Amino acid sequence: MGNILVTGFEPFDGDSKNSSLELIQKLDGKKIVGTRVMIKQLPCVFGAALDVLLKAVNNVQPRAVVCLGQLRGSAVINVERVALNLIDARIPDNEGKRPIDVPVIEQGPVAYWSTLPLKAITKELKQNGIPVKISNTAGTYVCNSVFYGLMHSLAVQQRVLPAGFIHVPALPEQVVGTGQPSMHLDMLVEAMQIVLRTILTLNNS
Ligand code: PCA
7 MGNILVTGFE PFDGDSKNSS LELIQKLDGK KIVGTRVMIK QLPCVFGAAL
57 DVLLKAVNNV QPRAVVCLGQ LRGSAVINVE RVALNLIDAR IPDNEGKRPI
107 DVPVIEQGPV AYWSTLPLKA ITKELKQNGI PVKISNTAGT YVCNSVFYGL
157 MHSLAVQQRV LPAGFIHVPA LPEQVVGTGQ PSMHLDMLVE AMQIVLRTIL
207 TLNNS
């Protein structure tokens, strides 16, 4: 049985939870289209996050890689289209580092496209009543740096597999009293099962 690697981030910016981490814990070990979901928690630390991810890709030898992160303030699932070779941290990471205006990879290309089937994913989610959009920036913080580093690593190894990044809203309990939007964990789990099924079904044919 093949594997699909799904990652989420530890809490950051003083939060006690990260919706992406809560979400992957619900997906761990599930079988989708004859493929086992393997999960990995990433530290919210520049450099270390990418190291942990690339080691996991090496160990798991997945058919596809989907990295998840939390996007506070968003009401919808954001399927990221593009990874930029830029770090411009708005806040320090979990080790207190705050790089400004530096590349993720020196001499790397400006950007990489996601190789996930973006349009098929958004269509399937919409058909199931789940709010979603394609996002044209994954930001300039740790999530984008991991996304860029993953795509760069696959490109230089000439490994062709579906890989990309999806930002998910915060959970209702994280936004109490803030007026910010959120999405229930049940809906996030349903959404990700649809996303993974879509990726694996297209990848099978
Ligand atoms: N979101 C942050 C980093 C970790 C996470 O879950 C981001 O969007 O960069």
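Numbering-wise (this note's numbering), the sequence shown opens with residue 7 and increments by one. Ideal Cβ positions, reconstructed from N, Cα and C, are used throughout, including at glycine. Predicted model only: the values in this text are computed from it and were never measured.
- Residue side-chain check: C73 keeps its Cβ at 6 Å or more from all non-hydrogen atoms of ligand 1.
- Of the heavy atoms belonging to ligand 1, at least one sits nearer than 6 Å to the Cβ of N24.
- DSSP, reduced to helix, strand and coil, places C50 outside both helices and strands of the structure shown, so it counts as coil.
- The closest heavy atom of ligand 1 lies 6 Å or more from the beta carbon of V82.
- Note that the C-beta distance between V116 and N91 is below 7 Å.
- With respect to L194, V181 sits apart: the two C-beta atoms are not nearer than 7 Å.
- L131 and M157 have their C-alpha atoms some 24 Å from each other.
- Annotated three-state conformation of R42 is strand, per DSSP.
- DSSP, read as helix, strand or coil, puts H158 in helix.
- Per DSSP, reduced to three states, the secondary structure at V88 is strand.
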